[in-house]
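Working notes, beginning with the structure itself.
Number of protein chains: 2
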Amino acid sequence: MPHPTDVLDRFYSVIPAGGIGSRLWPLSRADAPKFLHDLTGSGQTLLRDTWDRLAPLSGDQRIMVVTGRAHRAAVETQLPELADHNVVLESEPRESTAAIGLAAAILNKREPGVIIGSFAADHVIQSAPLFRHAVREAVVAADAGYIVTIGIRPTEPAIGFGYIKCGSALPIDGARDALAVTSFVEKPNLATAKRYLSNGHYLWNAGMFIARADRLLEEIGASEPEMLAGLLELAEAWDTPARGAVVDQVWPKLKKIAIDYSVAEPVAARGQLAVIPGEFGWDDVGDFASVAKLHSGGRKRDLAIVGENARVLADSSSGIVVSSTQRMIALVGVENIVVVDTPDALLVTTSANAQKVKSVVDALKLSGSSDVL
Amino acid sequence: MPHPTDVLDRFYSVIPAGGIGSRLWPLSRADAPKFLHDLTGSGQTLLRDTWDRLAPLSGDQRIMVVTGRAHRAAVETQLPELADHNVVLESEPRESTAAIGLAAAILNKREPGVIIGSFAADHVIQSAPLFRHAVREAVVAADAGYIVTIGIRPTEPAIGFGYIKCGSALPIDGARDALAVTSFVEKPNLATAKRYLSNGHYLWNAGMFIARADRLLEEIGASEPEMLAGLLELAEAWDTPARGAVVDQVWPKLKKIAIDYSVAEPVAARGQLAVIPGEFGWDDVGDFASVAKLHSGGRKRDLAIVGENARVLADSSSGIVVSSTQRMIALVGVENIVVVDTPDALLVTTSANAQKVKSVVDALKLSGSSDVL
Numbered sequence: 001m002p003h004p005t006d007v008l009d010r011f012y013s014v015i016p017a018g019g020i021g022s023r024l025w026p027l028s029r030a031d032a033p034k035f036l037h038d039l040t041g042s043g044q045t046l047l048r049d050t051w052d053r054l055a056p057l058s059g060d061q062r063i064m065v066v067t068g069r070a071h072r073a074a075v076e077t078q079l080p081e082l083a084d085h086n087v088v089l090e091s092e093p094r095e096s097t098a099a100i101g102l103a104a105a106i107l108n109k110r111e112p113g114v115i116i117g118s119f120a121a122d123h124v125i126q127s128a129p130l131f132r133h134a135v136r137e138a139v140v141a142a143d144a145g146y147i148v149t150i151g152i153r154p155t156e157p158a159i160g161f162g163y164i165k166c167g168s169a170l171p172i173d174g175a176r177d178a179l180a181v182t183s184f185v186e187k188p189n190l191a192t193a194k195r196y197l198s199n200g201h202y203l204w205n206a207g208m209f210i211a212r213a214d215r216l217l218e219e220i221g222a223s224e225p226e227m228l229a230g231l232l233e234l235a236e237a238w239d240t241p242a243r244g245a246v247v248d249q250v251w252p253k254l255k256k257i258a259i260d261y262s263v264a265e266p267v268a269a270r271g272q273l274a275v276i277p278g279e280f281g282w283d284d285v286g287d288f289a290s291v292a293k294l295h296s297g298g299r300k301r302d303l304a305i306v307g308e309n310a311r312v313l314a315d316s317s318s319g320i321v322v323s324s325t326q327r328m329i330a331l332v333g334v335e336n337i338v339v340v341d342t343p344d345a346l347l348v349t350t351s352a353n354a355q356k357v358k359s360v361v362d363a364l365k366l367s368g369s370s371d372v373l
Numbered sequence: 001m002p003h004p005t006d007v008l009d010r011f012y013s014v015i016p017a018g019g020i021g022s023r024l025w026p027l028s029r030a031d032a033p034k035f036l037h038d039l040t041g042s043g044q045t046l047l048r049d050t051w052d053r054l055a056p057l058s059g060d061q062r063i064m065v066v067t068g069r070a071h072r073a074a075v076e077t078q079l080p081e082l083a084d085h086n087v088v089l090e091s092e093p094r095e096s097t098a099a100i101g102l103a104a105a106i107l108n109k110r111e112p113g114v115i116i117g118s119f120a121a122d123h124v125i126q127s128a129p130l131f132r133h134a135v136r137e138a139v140v141a142a143d144a145g146y147i148v149t150i151g152i153r154p155t156e157p158a159i160g161f162g163y164i165k166c167g168s169a170l171p172i173d174g175a176r177d178a179l180a181v182t183s184f185v186e187k188p189n190l191a192t193a194k195r196y197l198s199n200g201h202y203l204w205n206a207g208m209f210i211a212r213a214d215r216l217l218e219e220i221g222a223s224e225p226e227m228l229a230g231l232l233e234l235a236e237a238w239d240t241p242a243r244g245a246v247v248d249q250v251w252p253k254l255k256k257i258a259i260d261y262s263v264a265e266p267v268a269a270r271g272q273l274a275v276i277p278g279e280f281g282w283d284d285v286g287d288f289a290s291v292a293k294l295h296s297g298g299r300k301r302d303l304a305i306v307g308e309n310a311r312v313l314a315d316s317s318s319g320i321v322v323s324s325t326q327r328m329i330a331l332v333g334v335e336n337i338v339v340v341d342t343p344d345a346l347l348v349t350t351s352a353n354a355q356k357v358k359s360v361v362d363a364l365k366l367s368g369s370s371d372v373l
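Residue numbers (the UniProt record's numbering), protein chains in the order written: chain A, 1 to 373; chain B, 1 to 373.
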């Protein structure tokens, strides 16, 4: 059995920092995506929180960030420790297989045998120590050749997440919690979610993947051989003067496909996917109802107020106010309300409708109101 | 019987333009009271609407406006025809007996035998011709010595208005609709309001009073002799160089009392109050639910949008958006919502809670947030 510390020496964190977070409009925008906001009241952005969680595992010098060119400056401001060679800029978004696959290809070329773990820049985790405990087990399982995910033990019958169905325990030294993944299932309806919760063999899919970079590339190649060829071509040129030309030529042609489909599902079908159950408190903060829940500590009758300079006057109202202005916001007798106040756009909805906010963004695009997107 | 035209020659309109309209905060403010807003979508302010309704009755030169010093410029901008000697400025608000009483005293000194009619600057009337028809009858009844009000035939069991209980017909030539007022009753609960509606003998109190100025002063003197003395002292000095000094000395000491209590109720108790029923469509636009109703034409499922440059994107939401900004306002799945968006303050409530908006203003005062009042 390898000593976990030795294995961690080969570990590299990858943070894909993409995704505007349309359901968090008008707070999240093209030029101010979700990961650049403080949605938890921690006093720092979700991206910075993510960094601070990972740095004790891999060290500052071993965290790679994959982000859009437009966000480079903001990312570097948030992460002054981020090394130049650990910034991977996408000329345009190509989905998670390309983003994580490129990181894997670059790192594997630089350091054969490297183990990478990919963690979204805009999720919330309550207990960083418990999270790191799970990652350590995942790294050990990855070193044994598995593609590994960390699944979240459900605390409620959530319908906004996909689920991972777990099978039997895997005999991996140093990863005693590891289970085989039977399958991935899409977001369920409420009745199904309740069944999953009581069944006990279902975990939330938090989109965390840990694998030896060479194994991950192998699996990408198994399902998407053209993608693999492109990624290897990019990696070959990456640390050379040819990078720009090759990126311009190869990147825009890469297939847009989520890593769940290209890797996780086919690997799970072959019984090669391991999952480490996590109970560290996780949320993808996908909509304002989720933001409200984070701030109210789960109490439904509360009004959560987010925003440094927020001026709010409310009576018996409940829900959430997010303010990035200094306007006086008065609420009178509104329940489970969501009010998001920004200098050029205002959203009013309810917790129950929070998921539909994405449709507003779609409608604004169609109506040519891109000034507020 | 005097010819109505002759009587109208002695008629003078008085428009008390005071009252911020706290239940319409944050649209109505100390420096932008309700009467300076276009709440009907007519394209002009309520004050201007009021003037245009009255000018055909009394003529431009016979309309007096009683308003606060702070509103002088705005009032004169709205009413360029308003003669200087028809502007009565209150150094501080002293309620309706003082405001209307002062107008009566000034006009009666200038023109003994004048008949005055007082009509709020911030009410909405649908049919100006029917309104003027009712006023003409009221003027005739006033000439016969009655204190006269115009009561509104209820169209629903409103709980936001006071009611007038009508008695028997009064034998006044030229005012065949005139009834004696039995009593005034305060805002009822819903059950009582329904009873009033089906009973048929109750009208809404719209605060319109028509009387010979000398009769009105006599009645003020009967219940508030000190007030009458003060008003006569003011009127004596009004058109002389002594006005300023006398106003400074007398006005601040006048009792604050609504004319309903000082005149209307005691006169009604003596059977000396006449009412002309009006069916011209009236609303005091007291809150945003009322504004919404005006704009939706009574349809409950509509979303009313008020504001010249309003940018609103809404799905199935209903209620009202009032915007004095150019911000994008997105509503998702909110019902009977009230959103009032101004540059420095935002209100979110529901139609059912619209009356409670006044409590916000009270709370803002208490909390020292006078910048948004």
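All C-beta atoms in this analysis are idealised placements derived from N, C-alpha and C, irrespective of residue type, glycine included.
Contact holds between the region 94–103 of chain A and the region 228–240 of chain A, because three or more Cβ pairs, one in each stretch, are under 8 Å apart. Contact between the region 69–78 of chain B and the region 205–222 of chain B is absent: fewer than 3 CB-CB pairs across the two stretches fall below 8 Å. Distances from the CA of Arg10 of chain B to each of B:Val334, B:Ile305 and B:Val139 were compared; the closest alpha carbon is that of B:Val139. Distance from Gly281 of chain A to Ile125 of chain A at the Cβ level is roughly 6 Å; contact confirmed, criterion being Cβ atoms closer than 8 Å. Pairing Gly200 of chain B with Thr155 of chain B, the inter-Cα distance amounts to about 11 Å. At least one CB atom of chain B sits nearer than 9 Å to the CB of Ser369 of chain A. For Phe288 of chain A, the three-state secondary structure derived from DSSP is helix. Across the structure, Leu254 of chain A and Trp238 of chain A are spaced so that their CA atoms are roughly 16 Å apart.
For Asn309 of chain A, the closest Cβ of chain B is not nearer than 9 Å. Contact between the region 316–335 of chain B and the region 303–314 of chain A is absent, with fewer than three C-beta pairs closer than 8 Å. Judged by beta-carbon spacing, Ala289 of chain B lies beyond the 9 Å limit of Ala175 of chain B, meaning their Cβ atoms are not closer than that value. For Pro26 of chain A, the nearest beta carbon of chain B is closer than 9 Å to its own beta carbon. Counting C-beta atoms within 10 angstroms of its own C-beta, His85 of chain A has fewer than 16 neighbours from the protein chains shown and is therefore classed as exposed. Between Leu57 of chain A and Glu81 of chain A, the alpha-carbon positions lie close to 15 Å from each other.
As a beta-bridge residue in DSSP terms, Gly278 of chain A pairs with A:Ile152.
Rounded to whole angstroms, the Cβ separation of Ala17 of chain B and Leu107 of chain B is 17 Å, and the two are not in contact under 8 Å. Bridge pairing for Trp204 of chain B: B:Ile152 and B:Tyr163 [DSSP].
In chain order, Lys358 and Val361 place their CB closer than 6 Å to the CB of Ser22 of chain B, counting only its own chain and leaving out the 5 sequence neighbours on each side. Comparing alpha-carbon positions, the option among B:Leu197, B:Ala258, B:Pro225 and B:Leu24 lying closest to Pro93 of chain B turns out to be B:Ala258. Residue contact with chain A for Ser324 of chain B: absent (no Cβ-Cβ distance below 9 Å to any residue of chain A).
Within its own chain, the residues whose Cβ lies closer than 6 Å to the Cβ of Phe161 of chain A, once the five positions on either side in sequence are excluded, are Trp204, listed in chain order. Residues of chain B whose Cβ lies closer than 8 Å to the Cβ of Asn336 of chain A do not exist, since the nearest Cβ in that chain is about 10 Å away. Look at Asp283 of chain A here: in three-state DSSP terms it is strand. 9 Å or more divides the Cβ of Leu47 of chain B from the Cβ of Thr40 of chain B.
Distance from Val7 of chain A to Ile115 of chain A at the Cβ level is roughly 7 Å; contact confirmed, criterion being Cβ atoms closer than 8 Å.
For Glu226 of chain B, same chain residues with a beta-carbon under 6 Å away, outside a window of 5 residues either side, do not exist. For Ser91 of chain A, no CB of chain B lies under 9 Å from its own CB, so it is not counted at the interface with that chain.
Shortest Cα-Cα distance from Ile20 of chain B to any of B:His71, B:Lys356 and B:Val312 involves B:His71.
Sixteen is the threshold: when 16 or more other Cβ atoms of the shown chains lie within 10 Å of the Cβ of Pro188 of chain A, as they do, the residue is buried. When A:Ile63, A:Ala363, A:Gly145 and A:Ser118 are compared, the shortest CA-CA separation from Asp173 of chain A is found for A:Gly145. Excluding sequence positions up to five before and after Trp251 of chain A, its CB lies within less than 6 Å of the CB of Ser91, all in the same chain and listed in chain order.
In this structure, the alpha-carbon of Tyr163 of chain A lies about 27 Å from that of Leu36 of chain A. The beta carbons of Tyr12 of chain B and Arg53 of chain B sit no closer together than 9 Å. Comparing C-alpha distances from Asp60 of chain B to each of B:Trp51, B:Lys194, B:Thr192 and B:Ala32 shows the shortest one belongs to B:Trp51.
Per DSSP, the unbroken alpha helix (DSSP H) holding Ile100 of chain A starts and ends at Glu95 to Arg110.
In this structure, Tyr196 of chain B places its C-beta atom within 9 Å of the C-beta atom of Val185 of chain B.
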